[in-house]
Amino acid sequence: MVRRTKDEALETRNVILDTAERVFSERGVSRTSLADIAAAAGVTRGAIYWHFQDKADLFCKMVARVTLPMEDAPCRVDHGAAADPLASIRGMMVAILRRTCEDPQARRVFHIVFHKCEYVDEMRPVWKRLNEMQAGCLAGIEKGLKAAIARGQLPKGLDARRAALGLHALLDGLIGKSVMDPDGSPLKRDAEQLVDLFLEGLQHPVHAARGRSVRIPARGARPDASFGTRRIRARR
1193 MVRRTKDEAL ETRNVILDTA ERVFSERGVS RTSLADIAAA AGVTRGAIYW
1243 HFQDKADLFC KMVARVTLPM EDAPCRVDHG AAADPLASIR GMMVAILRRT
1293 CEDPQARRVF HIVFHKCEYV DEMRPVWKRL NEMQAGCLAG IEKGLKAAIA
1343 RGQLPKGLDA RRAALGLHAL LDGLIGKSVM DPDGSPLKRD AEQLVDLFLE
1393 GLQHPVHAAR GRSVRIPARG ARPDASFGTR RIRARR
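Using the working numbering, read the sequence shown as starting at 1193 and increasing by one per residue.
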């Protein structure tokens, strides 16, 4: 009997989380109350408070179902200790992007995280939690890039912090684009190529010499045009 009670409690919890995903996606987080979720799930508000402290806690647990496995697997890899740090970083990014494409639940939750939630008032703790997750992923990428520099995979003069920010922004941007416009996104067919393009750019950086003028073609000019250009001074 005790076993059955635990199983029933777990089933109720999962029903609440599944319903929250659906209702948050349809109405947005700020416009959805716990009473709305309870009604849609066919449970009482008391049942929700039995499993979750408040809406922010419910939201965090909903997100954790798809993000924690990603933290535990690809995002928790120690890229700095890998024999091939660049391959380790690439594998992490491709794994996350593939999951975004192939896992309907992950796509649904990421859509809510990116496009259906205002991180104010009661949702501020959620923003803090998401920031902590992103900071951990960013730190891991930076560590891996530093290891790649030490192993001669990347130029010694590369700024690992800035490169890590760029890679993380690429990852966030591709996920956000994919869940917002899955049909128009190149993510599904080009995920690996997009990651490789960025990594190859890090291996062959182009730096403007300090104080040297950089010529930028005017809008509409041909790439090889010798006229219609403007000059800017590279900042020191």
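By construction, the Cβ of each residue, glycine as well, lies at the ideal position given by its N, Cα and C atoms. Every value quoted in this text rests on a predicted model; they were computed, and no experiment measured them.
#1: Taking the alpha carbon of A1340 as the reference point, which residue from A1274, R1257, T1197 has its own alpha carbon closest?
#2: Is the beta carbon of A1233 sitting closer than 8 Å to the one on T1211?
#3: Can you look up C1309 in the DSSP assignment and give me helix, strand or coil?
#4: Return the chain-ordered list of same chain residues with a C-beta closer than 8 Å to the C-beta of V1305, the five sequence neighbours on each side being excluded.
#5: What are the start and end residues of the alpha helix (DSSP H) that includes S1280?
#6: Measuring from the CB of L1250, is there a heavy atom of the ligand ADP at a distance below 7 Å?
#7: Assign E1213 to buried or exposed, taking buried as 16 or more other Cβ atoms, counted over all protein chains shown, within 10 Å of its Cβ.
#8: Return the residue from the list R1354, R1299, R1353, Q1326 that minimises the CA-CA distance to D1373.
#9: Does DSSP put V1235 in a helix, in a strand, or in coil?
#10: Does Q1326 come out as helix, strand or coil in the three-state DSSP assignment?
#11: Exposed or buried, what is A1201 when buried is set at 16 or more other beta-carbons lying within 10 Å of its beta-carbon?
#12: Enumerate, from N- to C-terminal direction, the unbroken alpha helix (DSSP H) stretches of 4 or more residues contained entirely within the region 1198 to 1247.
#13: Say whether the region 1329 to 1346 touches the region 1275 to 1289, bearing in mind that this needs 3 or more beta-carbon pairs closer than 8 Å, one atom from each stretch.
#14: Return the residue from the list V1258, H1271, L1391 that minimises the CA-CA distance to C1329.
#15: As a quick exercise: from H1360, L1350, R1237, pick the residue whose alpha carbon is nearest that of V1429.
#16: Measuring alpha carbon to alpha carbon, tell me which residue in K1369, G1368, L1363, S1370 is nearest L1389.
#17: If you follow the alpha helix (DSSP H) that V1371 is in, where does it begin and where does it stop?
#18: Looking at the structure shown, is A1274 part of a helix, part of a strand, or coil, going by DSSP?
#19: Using only the alpha-carbon positions, how far apart do L1209 and V1269 sit?
#20: For a quick check, are the C-beta atoms of S1217 and H1303 less than 8 Å apart?
#21: Alpha carbon to alpha carbon, how far is M1325 from E1334? Give it in angstroms, no decimals.
#22: Taking the alpha carbon of N1206 as the reference point, which residue from S1225, A1230, G1220 has its own alpha carbon closest?
Judging by the given coordinates:
#1: Along the sequence shown, read from residue 1 onward, the residue named residue 1340 stands at position 148. If we check each option's Cα against that of A1340, A1274 comes out closest.
#2: Position 41 of the sequence shown, counted from the start, is the residue given in the question as residue 1233. Position 19 of the sequence shown, counted from the start, is the residue given in the question as residue 1211. By the CB criterion at 8 Å, A1233 and T1211 fall inside the cutoff.
#3: In the sequence shown, residue 1309 corresponds to position 117, counting from 1. Residue state, collapsed to three classes: coil.
#4: Taking the first residue of the sequence shown as position 1, residue 1305 is located at position 113. The residues are V1255, L1322.
#5: The residue you call residue 1280 lines up with position 88 of the sequence shown. 1277 to 1294 is the span of the alpha helix (DSSP H), which, as asked, contains S1280.
#6: Among the components of this structure there are no ligands whatsoever, and the ligand ADP is therefore not found.
#7: Residue 1213 sits at position 21 when you count from the first residue of the sequence shown. By the 10 Å Cβ count, E1213 comes out buried.
#8: The residue you call residue 1373 lines up with position 181 of the sequence shown. Per the Cα distances, R1299.
#9: As a working note, residue 1235 is residue 43 in the sequence shown. When DSSP states are grouped into helix, strand and coil, V1235 belongs to the coil group.
#10: For this step, residue 1326 is matched to residue 134 along the sequence shown. When DSSP states are grouped into helix, strand and coil, Q1326 belongs to the helix group.
#11: The residue you call residue 1201 lines up with position 9 of the sequence shown. Exposed, since its Cβ has fewer than 16 Cβ neighbours within 10 Å.
#12: Those alpha helix (DSSP H) runs which fall completely within the region 1198 to 1247 and span 4+ residues are 1226 to 1233, 1237 to 1243.
#13: Yes, they touch.
#14: Numbered from 1 along the sequence shown, position 137 holds the residue referred to as residue 1329. When V1258, H1271, L1391 are compared, the shortest CA-CA separation from C1329 is found for H1271.
#15: It is not possible to answer for residue 1429, since the shown part of the chain is limited to 1193 through 1428.
#16: Residue mapping note: residue 1389 aligns to position 197 of the sequence shown, counting from 1. Checking every option, the nearest Cα to that of L1389 belongs to L1363.
#17: Residue 1371 sits at position 179 when you count from the first residue of the sequence shown. V1371 -> alpha helix (DSSP H) spans 1352 to 1372.
#18: Locating residue 1274 in the sequence shown gives position 82, where the first residue counts as 1. A1274: coil per DSSP, three-state reduction.
#19: In the sequence shown, residue 1209 corresponds to position 17, counting from 1. In the sequence shown, residue 1269 corresponds to position 77, counting from 1. Taking C-alpha positions only, L1209 is separated from V1269 by approximately 28 Å.
#20: The count along the sequence shown starts at 1 and reaches residue 1217 at position 25. The count along the sequence shown starts at 1 and reaches residue 1303 at position 111. Contact: yes.
#21: Against the sequence shown, residue 1334 aligns to sequence position 142. Against the sequence shown, residue 1325 aligns to sequence position 133. Answer to the nearest angstrom: the Cα atoms are 14 Å apart.
#22: Sequence index remark: in the sequence shown, residue 1206 carries index 14 (1-based). Out of S1225, A1230, G1220, A1230 has the C-alpha closest to the C-alpha of N1206.
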